[in-house]
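The structure appears right after this line, and notes come after that.
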Amino acid sequence: MTARQRLDAERGSGSVLAVGLVGALAALAVLVVPVYCTLAVRQSVAGAADASALAAADVAAGRAPGFSCETAARVASANGASLTACEVDGLIVTVTASRSILGIAVRERATAGPNWGGRE
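Numbering (this note's numbering), first residue to last: 110 to 229.
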């Protein structure tokens, strides 16, 4: 077999390799994109939980009118999440906000209230 015949026998192998690489990249994208979407939603839900807890703590402290948990629910909704739990203990409010993405419930918890004793 001459060198020319060997090259002719391998004709089209580059196309097969290219198709395989494109398929592997597509499979990787199918696995990675949902993970990154979930991480982005998690940050969004954490922000909604933080804002809800702060707003509810303002109500509990008397700095804003209304009821703590109702205010927290409104703020969570305005931030694209739903309030799933709200606990008021004096001036300290703990809330849990959630949002569903790709059938997965993403939940975040936040606590707000006065900082007594210099704890950070």
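Cβ coordinates follow ideal geometry from the N, Cα and C atoms, glycine included. Because the structure is a prediction, the values reported are computed rather than measured.
Contact set for residue i: own chain, Cβ-Cβ below 8 Å, skip 5 residues either direction
i	result
Ala169	Ser177, Val197, Gly199, Leu200, Ile201, Val202, Gly222
Ala209	This sequence places Ser at residue 209; Ala is not what is there. Val215, listed in sequence order.
Thr147	Ile210, Leu211, Ile213, Val215
Ala185	Ala157, Ala158, Ala160, Ser161, Ser191, Leu192, Val204, Ala206
Extent of the continuous beta strand (DSSP E) to which residue i belongs
i	result
Glu217	213-221
Ala194	191-198
Arg231	Since the first residue shown for the chain is 110 and the last is 229, residue 231 is missing from the structure and cannot be characterised.
Contact belief for residue i with residue j at Cβ below 8 Å, rounded distance in angstroms
i	j	result
Thr205	Thr193	5 Å
Ser153	Gly189	6 Å
Glu217	Ala155	4 Å
Where the alpha helix (DSSP H) through residue i begins and ends
i	result
Glu179	177-187
Arg151	122-169
Contacting residues, own chain, Cβ-Cβ under 6 Å from residue i (five flanking each side not counted)
i	result
Pro143	Leu211
Glu119	none
Option in the options with minimal Cα separation from residue i
i	options	result
Ser191	Ala162, Ser122, Arg120	Ala162
Ser207	Trp225, Ala187, Asn224	Ala187
Ala157	Val215, Gly121, Ala173	Val215
Thr220	Ala173, Ala166, Arg120	Ala166
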